[in-house]
Amino acid sequence: MKNKLKLLLFVPAFLLSSCNFTYSYVVAGLDASSGSGDVIDDGIEDSGTYDIKIWVDDAIVDLTRTQVQQFVNDNGTKYKINLTIEPQSEGNAASSMLQDVTEGADIFAFAQDQLARLKVAGAVAKLNSTYLNLVSERNSEDSVKAATIGSSVYAFPLTNDNGYFLYYDKSVISDEDAKSVTTIMAKCKAKNKTFNFPARGDGFYSASYFLGAGCKTSWDINEETGAFTAYHDNFHEANGLKAAKGLREVADKSVVSTDAIASRLGERSAALVSGIWNYEVAKNRLGDNLGCAELPSYTVDGETIHLGSYDGFKLLGVKPQVNSKKASVCRKLALYLTSETCQTERFNTVSWGPTNVKSSQEEAVVNHPGLAALAKQHEYATIQSQCPGTWYLHLATTAKAIETSSTDAQLQAILTNYKNGLPDLLSDD
Amino acid sequence: MKQYSDLELLRLSRSQKFGYKVGLFFKRIPLWFKNLGIKIWGFIKGIGLGIFNWFKTIIMTFIQGDWKTKVSYFVMGFGSIARGQILRGIIFALFEVVFILYMVFFGGHYLSRLYILGEVESAVDAESGTIVYGENSFNILLYGVLTLFFIVAFIYTWNLNIKQNRISEQIIKDNKKLETAQDDLRAMVDKEFHKTLLAIPTIGILIFTVLPIFFMILVAFTNYDANHTPPLNLFGWVGWDNWAQLFTWTNSDGASFSMTFGQILLWTLIWAFFATFSNYFIGMLIAMLINKKGIKLKKLWRTVLVFSIAIPQFISLLFVSNMFKTDGIINGILGTHIDFWGNAILARITVIVINLWIGVPYLMLVVTGILMNIPADLYESANIDGANPWQQYSKITLPYMLFITGPYLLTSFTGNMNNFNVIYLLTGGGPNVQEYYGNAGKTDLLITWLFSLAVNDSNYKLAAVIGIMVFIVVAVLSLVVYNIIPSTRNEEEFQ
Amino acid sequence: MEKKPKMVSMSKRRRTVNIISYITLALISIVWILPFIFLLLKSFDVGNPGVTGYVFPEQWGFDNYIYLFSAETNFLQWYFNTFIIALFVCVIQTAMQFMMSYVLSRFRFKLRKPLMNIMLVLGMFPGFLTMIVLYQILKTFGLTGDNAVPGLILVYCASSGMGYYVSKGFLDTLPKSLDEAALVDGATRAQIFIKVILPLCKPILIYTVLTSFMGPWGDFVFAYTVSLGSQAGMNVAAGLNSWLSAANIGAHFAHFCAGGVIVAIPVMVLFLFLQKYYVEGVTGGAVKG
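Residue numbers (the working numbering), protein chains in the order written: chain P, 1 to 429; chain S, 1001 to 1495; chain F, 2001 to 2289.
Written out as structure tokens, the structure reads:
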């Protein structure tokens, strides 16, 4: 028994000594060879030592670390940064920031639909005119709009690839077939394959039918508090009914799966509507048979309607700081991390689509099949403006309810329910 | 209603007996309420009297006590030190010092802000990207409640200090010897050993269970939600506003909170019922199958079943959840396109069935243990009487089982009502539907619903309301059932 | 002579019943074990790391396991954290529960009944509700984020006195005459507890240690909240959970399965090893309620 006990104590001791767990790095400038590129001089004297915590996606943790090192090097010996970089998915970053703003990251990447939540909780600091000008100058107009609430910009555009497009298996679906939902489904059915399209399960995707049909939704935000005060939404009108009818087509469960997974492409699944994050998996599955295209069209009562979508962006937020010097450094660092150099590096490493005007025009970016498909879909896309987070769920349940209805009257009733539920999404005072 | 004697009762048919019992149950309700009223009144009176007596003793002790005792009213432990009980005295004095320091430098401030939960707002400076945090409602509420706790503890200790003085005076008057520090230390491991043992667990429970629960109950009376999230924003008291939502049945257009609460509560109860009893009977069946005479490899069968207990649920359930996806392994094997998680009824059935996989092994173990305790001669005599297996089961095994496991069934029922893991890991509450408030899901239990309200929507005020309602439902259910089932036995009879 | 055919038919009947029983048991066992087989097979699938619909991988290999121990993930850190937590929790929690149950079983004092009732009532509140408060309390002590490991140990242990039921049920069955005899011999209460009672509690002690050791491996809600994204404080459940997000599942599902296997192994071995005690504890707990 004693020996066993010793063994039990030995194992953790061994583990402890064999793992080198460090997540903090001291990043200091090497020499005084200052001014090699993206150094902003806003006249604020902010040299010193700072503890900075950054949350980015797992995939770019190492890259970001070297980029911070570059930033410090570029500034000579001005800064010494005790850096902590932790992997945190863009979807979860907001929840964690809201849980505890003070202990959360100083700089963090998040999906654009979380911006309003973050603003209400005071987790993102407004950009002042200096930064606003720089950011607007360097990044695409849409990406800046994505970071805008009312008339102010609250974050630095990071990527433009958070939208979705069509992946398809060329051995089943020809480029021509991929232009219509009906033919995609027919081809899939003929080969006993599925078309993975979460239009009934996820509001982010359900919206494509409505936006395509010309429906509009927008929400008024009280700039002071960040609360949603009013909505302008016509999803329940005539165009919405068209979209609802179109959605009924993809309710055929024998062909359309709501699972947004790429891992079954080439086997059970022949087409998938998803974002760039599934590109590597899809490429692995299909190899040369991988086709990427803009979303297809659907047909309702003889009318062909191209599916719309949301242009999704990822943003980099800086939280309001207690220390003004640190606030200044964090902003500079965030600006650097979203600069042309860093965005291009990021594209080269993990194929994330740049928002920076210059790097998005690079040949490799333009020729990337996934990003190219997104760019083509861009024509039909709407900028994802700020709406309550629960709106997506609300729309998803609407799309889900369409599954079981057959008559126009039933569809209209569902859309009316949708409309009636909207006031609940507004913020209480 | 006619009252039957025991003998008459025996002569009644089964249905008559049932009717009689139901009638009796309802007849007793008014009496029960009357008794409850009497009890509550007695309780209030008891408290009133207690407080009165306490004040009386405190005042009398002050008047009758010597100067050492009188000083102890202000300087705790003074009397003890003056009479030579240094250790006790120092502890008392130390406690007072800590309390005063705590109140002056920390607690007093929070306590004084408790009534309004803060007014000073945070100031954000957009130009420099800086913030000056104002008051933090969350901390005010938390530390305010903590301070209240501390005050209660102080009053208790202060009273103890007075009592010490009184007793010591008495002992000295009687010319007896006071306890020395050595006596005290010995008592800690002997006569008063239970206090030593209880100290750490109770402090733990106080800080990590009682304090948080107190806090959350209070949150149900504030507007703590996404728009009032500290540290940037303040939240404040709103009285019964949140509760009004719970009892407002009509909502002009959208799905109402109260309706959704009712529906989810109903499903929670249905789920708990099926989860408990399906596990119970199938577990019993399997246990009996394994324990049957002539079945070999008993240990192997048991071990195989127990696998699903041994593996952490988050692994097994998350994996199983993916197995049942439309593109998962189950559809792959069957060659079908069944949308297990997308259809409300199917999803509900599926979670109940998968829950068998988690729950049956426990029941099998429990039942195995009890089966062995059923006196074998009962079965032998049943055999001689020619009873068939079904009769043996329904006349001997089942009644015995129900009698023994009554309390267990109750706890597993309430446990299933709060079975977060199974629902959250399998469906996450989905499929979400339009007709529920906040588009809650059809498999959502109250507990998973409150979780998603709190975590996804930061809607702590409504989560707190739901939490309190869960408590009320569980408490009422337990109270009623405990009074009905026969096997709530006196704990002393074991010893 | 007349009786013999009947006897044969009886034994024949019994045999058919037994065969049916065996078939049923075998089927049940297969159903029970199948998900674990699938999990195990998936963890060796190097052809397609996402969710798949087949049983046997197209390409076999250890890559998913190698990945876990590579520098690409912090799996080892999560695993180590969880192990440390489980180790401490099983000791402290057992101690707390025994302190509580011994007192409630052996001492009779004024506040005993109220204490038991209060704990019963407290147990009826849904625990998740208080998560955000616990986070804040731990933060006050500086035990969140990077220091989440001691923080989590504290959360798991602090209120564990409330789970005294099973061990009290066992202690109640030990005769009080044991205590009395020792008291007469001049032993203090503390000595009785440590020298007389505890040695007799071995089965239920092992049960308590086992269950409290298993608990931390499965917790992802508290662990996720308390660690607030810090890798140094993350436990294995919260860490593995992050691989199942929409963006990650396509590339990481097989890694999740491999991680699951690694997590399950020590817990399972320990469990199967100590199964006897577990059964005793569960049965005792249920009967004495």
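Ideal Cβ positions, reconstructed from N, Cα and C, are used throughout, including at glycine.
Everything numeric in this text was worked out from a predicted model, so none of it was measured.
Counting along the chain, I2197/F sits inside no alpha helix (DSSP H), nor does DSSP assign it H or E at all.
Membership of P1030/S in the alpha helix (DSSP H) is indicated by the continuous run R1014 to Q1064. Residues of chain F with a Cβ closer than 7 Å to the Cβ of N289/P do not exist, since the nearest Cβ in that chain sits about 15 Å away. Under the Cβ criterion of 8 Å, P320/P is counted among the residues facing chain S. Chain-order list of chain F residues neighbouring Q384/P: empty, with the shortest C-beta distance near 16 Å, by a criterion of under 7 Å. Put simply, the segment 1199-1207 of chain S does not touch the segment 203-218 of chain P. Fewer than three CB pairs are less than 8 Å apart. Burial is judged here by how many other beta carbons sit within 10 angstroms of a residue's own beta carbon; M1372/S has fewer than 16 and is exposed. From the beta-carbon of D202/P, no residue of chain S is found nearer than 9 Å; the closest lies around 10 Å away. Between M2131/F and T2208/F, the gap from beta carbon to beta carbon reaches 8 Å or more.
A contact between stretches requires three or more CB pairs, one per stretch, nearer than 8 Å, and the segment 204-219 of chain P meets this requirement with the segment 304-319 of chain P. Residue nearest to I261/P within the set D1327/S, N1159/S, I1264/S and A1287/S is D1327/S (criterion: CA-CA distance).
Counting along the chain, W391/P sits inside the alpha helix (DSSP H) bounded by residues T390 to I402. Taking a cut-off of 8 Å on C-beta distances, the segment 1315-1322 of chain S does not touch the segment 1402-1411 of chain S, as fewer than three cross pairs fall below it. Straight-line measurement puts the Cα of G1415/S at about 32 Å from the Cα of P1389/S. Straight across, the Cα-Cα distance linking A271/P with D259/P is about 12 Å. Residues of the same chain with a CB within less than 7 Å of the CB of W1237/S, apart from the 5 flanking positions on each side, are L1117, F1221 and T1222 in chain order. Around the beta carbon of D1377/S, a 10 Å sphere encloses fewer than 16 other beta carbons of the protein chains shown; the residue is thus reported as exposed. When only Cα atoms are considered, D233/P and T182/P end up about 28 Å apart.
Residue nearest to T2283/F within the set P1361/S, L1318/S and W1341/S is P1361/S (criterion: CA-CA distance). Interface with chain S (8 Å Cβ-Cβ cutoff): V281/P is excluded. Distance from the CA of T1405/S to the CA of S1278/S, rounded to the nearest whole angstrom, comes to 15 Å. For E1380/S, the uninterrupted alpha helix (DSSP H) run begins and ends at A1376 to I1384, by DSSP. Under the three-pair Cβ rule at 8 Å, the segment 2245-2263 of chain F counts as touching the segment 2033-2048 of chain F. If you draw a straight line from the Cα of K170/P to the Cα of S263/P, it comes to about 16 Å. Close CB contacts of D1184/S within its chain, under the 7 Å cut and outside five residues either way in sequence, are with L1087 and R1088 (chain order). Taking a Cβ-Cβ threshold of 9 Å, the residues of chain F close to Q88/P are G2229 and S2242, in chain order. When DSSP reads this structure, C292/P sits in a beta bridge with Y167/P.
Within chain F, the C-beta atoms nearer than 7 Å to that of A260/P come from A2246, in chain order. Residue state for D311/P is assigned as strand, using DSSP reduced to three classes.
In terms of beta-carbon proximity, E345/P stays away from the interface with chain F, with every pair separated by 8 Å or more. Counted as a single uninterrupted DSSP element, the beta strand (DSSP E) harbouring K80/P occupies residues Y79 to P87. Contact between the segment 315-333 of chain P and the segment 345-354 of chain P is absent, with fewer than three C-beta pairs closer than 8 Å.
Taking the Cα positions, T1147/S is about 38 Å away from L1425/S. Separation of the CB atoms of E86/P and Q2077/F is rounded to 12 Å, and the pair is thereby denied contact status at 8 Å. Note on I1358/S: 16 or more other CB atoms within 10 angstroms of its CB, so buried under the neighbour-count rule. In the displayed model, S2245/F falls within coil according to three-state DSSP, outside both helix and strand.
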